[in-house]
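Q: Submitted below is the structure of interest, expressed as structure tokens.
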Amino acid sequence: MLTYIARRILYSIPVLFVSTFLSFMFVSLAGDPRQNLLANPKLSHAHYKALFHTYHLDVSIPVRYWYWLQDVFEHKLGSSLLTSQPIWPDITRAMGHTLQVIGIAEIIAITLGVAVGIFSAVKQYSIFDYLFTTVSFLGYAMPTFWLALLLQILFTDIYLSYNVRIFYTSGLNSGVTSNTWSLDRLQHIALPVATLAIISFAVYSRYMRASMLDVISTDYIRTARAKGLPERLVIMRHVFRNALIPVVTVAALNIGGLLGGAIITETIFSLDGMGYYFIQKLGQLDVYAVMAYLAITSLFIIIFNLIADVVYGYLDPRIRYD
Amino acid sequence: MPEPLLSIRDLVVEFKTDDGIVHAVDGISYDVMPGETLGIVGESGSGKSVSTLALLGLIPQPPGRIVSGTAMFKGRDLLKLKKKEQRAFRGKEVAMVFQDPMTSLNPVLKVGYQLGEAIKTHFPDEKDEAIRARVIELLRLVGVPNPDTRADQYPHEFSGGMRQRAMIAMAIANSPSLLIADEPTTALDVTIQAQVLEVMKTVQTETHAATILITHDLGIVAEMCDRVLVMYGGKIVEAGDVYTIFKAPRHPYTIGLMNSLPKLTEDEEWLEPIPGAPPSLINRPPGCAFHPRCFLSQGRDRCRADVPELRMVGDGHYAACHFSEELVDFKSKFAEAVPA
Numbered sequence: 034m035l036t037y038i039a040r041r042i043l044y045s046i047p048v049l050f051v052s053t054f055l056s057f058m059f060v061s062l063a064g065d066p067r068q069n070l071l072a073n074p075k076l077s078h079a080h081y082k083a084l085f086h087t088y089h090l091d092v093s094i095p096v097r098y099w100y101w102l103q104d105v106f107e108h109k110l111g112s113s114l115l116t117s118q119p120i121w122p123d124i125t126r127a128m129g130h131t132l133q134v135i136g137i138a139e140i141i142a143i144t145l146g147v148a149v150g151i152f153s154a155v156k157q158y159s160i161f162d163y164l165f166t167t168v169s170f171l172g173y174a175m176p177t178f179w180l181a182l183l184l185q186i187l188f189t190d191i192y193l194s195y196n197v198r199i200f201y202t203s204g205l206n207s208g209v210t211s212n213t214w215s216l217d218r219l220q221h222i223a224l225p226v227a228t229l230a231i232i233s234f235a236v237y238s239r240y241m242r243a244s245m246l247d248v249i250s251t252d253y254i255r256t257a258r259a260k261g262l263p264e265r266l267v268i269m270r271h272v273f274r275n276a277l278i279p280v281v282t283v284a285a286l287n288i289g290g291l292l293g294g295a296i297i298t299e300t301i302f303s304l305d306g307m308g309y310y311f312i313q314k315l316g317q318l319d320v321y322a323v324m325a326y327l328a329i330t331s332l333f334i335i336i337f338n339l340i341a342d343v344v345y346g347y348l349d350p351r352i353r354y355d
Numbered sequence: 018m019p020e021p022l023l024s025i026r027d028l029v030v031e032f033k034t035d036d037g038i039v040h041a042v043d044g045i046s047y048d049v050m051p052g053e054t055l056g057i058v059g060e061s062g063s064g065k066s067v068s069t070l071a072l073l074g075l076i077p078q079p080p081g082r083i084v085s086g087t088a089m090f091k092g093r094d095l096l097k098l099k100k101k102e103q104r105a106f107r108g109k110e111v112a113m114v115f116q117d118p119m120t121s122l123n124p125v126l127k128v129g130y131q132l133g134e135a136i137k138t139h140f141p142d143e144k145d146e147a148i149r150a151r152v153i154e155l156l157r158l159v160g161v162p163n164p165d166t167r168a169d170q171y172p173h174e175f176s177g178g179m180r181q182r183a184m185i186a187m188a189i190a191n192s193p194s195l196l197i198a199d200e201p202t203t204a205l206d207v208t209i210q211a212q213v214l215e216v217m218k219t220v221q222t223e224t225h226a227a228t229i230l231i232t233h234d235l236g237i238v239a240e241m242c243d244r245v246l247v248m249y250g251g252k253i254v255e256a257g258d259v260y261t262i263f264k265a266p267r268h269p270y271t272i273g274l275m276n277s278l279p280k281l282t283e284d285e286e287w288l289e290p291i292p293g294a295p296p297s298l299i300n301r302p303p304g305c306a307f308h309p310r311c312f313l314s315q316g317r318d319r320c321r322a323d324v325p326e327l328r329m330v331g332d333g334h335y336a337a338c339h340f341s342e343e344l345v346d347f348k349s350k351f352a353e354a355v356p357a
């Protein structure tokens, strides 16, 4: 298993280089960063030349990629072309916020999704099952922005009508100071967490239910029952573990993607996270900031794919890595 | 006459489907004596598996439903037991070996664990080492080589025959008094079939369990069974001891089954199938369910109108045919093969 993980990590390195190279090409071709500098009337022609040279904007894009790579390793992802500020502090701060929101949302979604999936399958066609089937399909069907806006409107209305502040509808903290684990922070992130959790929950509970039903009707579950095993143990010991296998993939890939930032949710709730960061920098065409974001998200996707494969091997002994 | 171990009376099992109600088992009665091997033969959909799954409460309800009937086992009606009592019987007093060993073991749990679980369920106070020792002993009994290592392997590391041996070991783990084997060899290669049947025989001598052997293979019946029930369209059409049935069958369907078997000692150009197809269990043919395919029923109204009762046609020999007497002189092609 350890050799497998080591080998997978080694494989990931070229993948990371290829993916960042391609994104670098596309981002650079999407717009010329020199235009931003040229638009500044205060700079003389000689200034431009000097700046272009310092930022390596006078060389071809593949060569620029090479300079960018050096920057990434020497100066922690380099600094922004537009503001000359280092990227690292900004992006790690945004990452922290995203981790908190996505982390809480996914823990809630997985716990509830798996529990509801199990119950729905065990009590198939019961009122409980129908109720949660309806809830899940609503969650599936609702566009993120719409759900987020509904929650925002609801809690704004509550505040306006009753003058009680249950949840804030924008930002991360009321004051200037940022406090990661405070009631104030939780009141701020509750709605984005709810938005993301509802949507992920819908996906997980449906997958879990379908997967449980698949396993429940297999021959080996009949065998387990024929042993005289109590139904509770049949479900928890025999069905659950087998049913979890497909759900693990869905969850791991979903989390890997979400850590790149829930762009819509973060934008609507003005949440200083990865997605929000990306959208802002993309709008300004801040090439190196966008590249830093893309490199980090590619890394997350690769890591969570690896996690999914490792958990797979743990759950299913038929999968052996050597 | 000794007390029967299991006594089934008027068992009716139905399944609700979108097309209508499937009458899978339609009023069957039979006894199983202690220590005997009873074969149940019939084609797919004749109700042979369902009748035994019902005993263990393993019919998914819904869509299945046990409409009526009793199944007296050691003085208690298995069909009237509460869920918890039923579980106490399952795997302890009555155990089952299923058809497809490739899918009947949980792929993510070790074989030894799955066997041990069968014991632990009924003897929760048993120590783990004792259970492990018993598991290894069971695996050795059913002929799994290196049982010590094998117990720690997963099902996918076992071949089909080995898995079926493990299934048999699991079934006999608590020395049940009734073992139900539902087509235990159907999914296996012919050479492996013979080995598994040998294991079944060993196990029977070891545990003295009565066995219900469900199969569509008359060869296996001849090899293994003391008595036979022939089922057709959810009903028993003929019952008797294995010699009588093979020598002088008294139901046209049984005769059809015998005739459709090739005989190894003679040159046979063609197989002789039973014409037609098995009956729909939703809209059963009126009268005798077999009449559309029967060589005796041609032009006879009675076969279309009256459902034939299972009646005695000889010593311990029963057949459900209005015109069974016409078959008295029929000599099966296996007549010489059967010892007198």
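If you read the sequences in order, they're chains A and B. Per the numbering used here, the very first residue in the first sequence carries number 34; after that it's consecutive. Per the numbering used here, the very first residue in the second sequence carries number 18; after that it's consecutive. Positions of the beta carbon are idealized from the N, C-alpha and C atoms, including for glycine.
Taking 7 Å as the threshold (C-beta atoms), are Lys264 (chain B) and Ser341 (chain B) in contact?
A: Going by C-beta atoms, Ser341 (chain B) is not nearer than 7 Å to Lys264 (chain B).
Q: Rounded to the nearest angstrom, what separates Ala341 (chain A) and Leu277 (chain A) at their Cα positions?
A: Straight-line Cα distance between these residues: approximately 12 Å.
Q: Would you say Arg351 (chain A) reaches chain B, if we count a Cβ-Cβ gap shorter than 7 Å as a contact?
A: So yes, Arg351 (chain A) belongs to the interface.
Q: Can you name the start and end residues of the alpha helix (DSSP H) that His221 (chain A) belongs to?
A: 216-249 is the extent of the alpha helix (DSSP H) around His221 (chain A).
Q: Indicate the three-state DSSP secondary structure (helix, strand or coil) for Phe307 (chain B) in the structure shown.
A: Looking at Phe307 (chain B) - three-state DSSP - the assignment turns out to be coil, as it is neither helix nor strand.
Q: Leaving out five residues on either side along the sequence, give the residues of the same chain with a beta carbon under 6 Å from the beta carbon of Val330 (chain B).
A: Excluding residues within five positions, the ones whose Cβ falls inside 6 Å are Arg267, Ala336, Ser341.
Q: Quick one: which unbroken alpha helix (DSSP H) runs of 4-plus residues sit fully inside the segment 201-281 of chain B? Chain order, please.
A: Fully enclosed alpha helix (DSSP H) runs of 4 or longer: 207-224, 235-241, 259-264, 269-276.
Q: How is Pro119 (chain A) classed by DSSP in three states: helix, strand or coil?
A: Of the three classes helix, strand and coil, the one that applies to Pro119 (chain A) here is strand, per DSSP.
Q: In angstroms, rounded to a whole number, what distance separates the CA positions of Ser93 (chain A) and Phe85 (chain A)?
A: Rounded to the nearest angstrom, the two C-alpha atoms are 12 Å apart.
Q: Within this structure, are the beta carbons of Val147 (chain A) and Met269 (chain A) separated by less than 7 Å?
A: For Val147 (chain A) and Met269 (chain A), no; Cβs fall outside 7 Å.
Q: Quick one: what does DSSP say Ile291 (chain B) is sitting in, helix, strand or coil?
A: Correct three-state label for Ile291 (chain B): coil.
Q: Expressed to the nearest angstrom, what Euclidean distance is found between the alpha-carbon atoms of Leu76 (chain A) and Leu205 (chain A)?
A: Those two C-alpha atoms are separated by around 38 Å.
Q: Is it buried or exposed, Gly59 (chain B), if we count other Cβ atoms within 10 angstroms and call 16 or more buried?
A: Classification of Gly59 (chain B): buried, given that the 10 Å Cβ count is 16 or more.
Q: Mind pulling the beta strand (DSSP E) runs of 3 or more residues that sit fully within the segment 314-356 of chain B?
A: Fully enclosed beta strand (DSSP E) runs of 3 or longer: 328-331, 334-336.
Q: Are the CB atoms of Pro51 (chain B) and Ala227 (chain B) within a distance shorter than 7 Å?
A: Going by C-beta atoms, Ala227 (chain B) is nearer than 7 Å to Pro51 (chain B).
Q: Going by DSSP in three states, Gly81 (chain B) sits in which element: helix, strand or coil?
A: Looking at Gly81 (chain B) - three-state DSSP - the assignment turns out to be strand.
Q: Please identify the residue among B:Leu55, B:Arg26, B:Asp35, B:Asn191 whose C-alpha is closest to the C-alpha of Val245 (chain B).
A: Considering only alpha carbons, the answer is B:Leu55.
Q: What residue range is occupied by the uninterrupted alpha helix (DSSP H) comprising Tyr201 (chain A)?
A: Tyr201 (chain A) -> no alpha helix (DSSP H), and no H or E assigned at all.
Q: Compare the C-alpha of Ala112 (chain B) against each of B:Gly129, B:Gly74, B:Asp48, B:Leu126 and name the closest.
A: Per the Cα distances, B:Gly74.
Q: Identify every residue that forms a DSSP beta bridge with Ile38 (chain B).
A: According to DSSP, which records beta bridges pairwise, Ile38 (chain B) is partnered with B:Lys33.
Q: I need the boundaries of the alpha helix (DSSP H) containing Val323 (chain A), first residue and last residue.
A: Per DSSP, Val323 (chain A) belongs to the alpha helix (DSSP H) from 320-348.
Q: Quick check: is the beta carbon of Asp252 (chain A) nearer than 7 Å to any beta carbon in chain B?
A: For Asp252 (chain A), the answer is yes, since a Cβ of chain B falls inside 7 Å of its Cβ.
Q: Pull the bridge partners of Gly133 (chain B) from the DSSP assignment, please.
A: Partner(s): none; Gly133 (chain B) has no beta bridge.
Q: Please check if any C-beta of chain B sits within less than 7 Å of the C-beta of Arg274 (chain A).
A: Yes, Arg274 (chain A) counts as interfacial toward chain B.
Q: Which residues of chain A have a Cβ atom closer than 7 Å to the Cβ of Met113 (chain B), listed in chain order?
A: Those within 7 Å of Met113 (chain B) in chain A are Ala259.
Q: Can at least three beta-carbon pairs, one atom from the segment 146-162 of chain B and one from the segment 199-211 of chain B, be found at a separation below 8 Å?
A: Contact between the segment 146-162 of chain B and the segment 199-211 of chain B is absent, because fewer than three Cβ pairs lie under 8 Å.
Q: Cβ of Asn276 (chain B) less than 7 Å from any chain A Cβ?
A: Asn276 (chain B) does not count as touching chain A.
Q: According to DSSP, is Val58 (chain B) part of a helix, a strand, or is it coil?
A: Here Val58 (chain B) sits in strand by DSSP.
Q: With 7 Å set as the bound, which would you pick, yes or no: does the beta-carbon of Arg107 (chain B) sit closer than that to a beta-carbon of chain E?
A: Absence of chain E from the displayed structure is noted, the protein chains being A and B.
Q: In terms of DSSP beta bridges, what is Thr87 (chain B) paired with?
A: Answer by DSSP bridge pairing, in chain order: B:Arg26.
Q: Give the residues of chain A in contact with Pro141 (chain B), contact being defined as C-beta atoms less than 9 Å apart.
A: Ordered by position in chain A, no residue passes the 9 Å Cβ test against Pro141 (chain B), which lies about 11 Å from the chain.
Q: I want to verify the contact list: residues of chain B whose CB lies under 7 Å from the CB of Thr125 (chain A), in sequence order.
A: Near Thr125 (chain A) there are no residues of chain B at all, since even the closest Cβ is about 40 Å away, more than 7 Å.
Q: Counting contacts by CB-CB distance shorter than 7 Å, is Leu246 (chain A) in contact with chain B?
A: No, because no Cβ of chain B sits closer than 7 Å to the Cβ of Leu246 (chain A).
Q: Does the Cβ-Cβ distance between Leu96 (chain B) and Ala88 (chain B) come in under 7 Å?
A: Cβ distance < 7 Å, so Leu96 (chain B) and Ala88 (chain B) count as in contact.
Q: Would you identify the three-state DSSP class for Tyr163 (chain A), choosing helix, strand or coil?
A: In the structure shown, Tyr163 (chain A) sits in a helix (DSSP, three-state: H, G or I).
Q: Between His233 (chain B) and chain A, is there a C-beta pair that is closer than 7 Å?
A: No - not a single Cβ of chain A is within 7 Å of the one on His233 (chain B).
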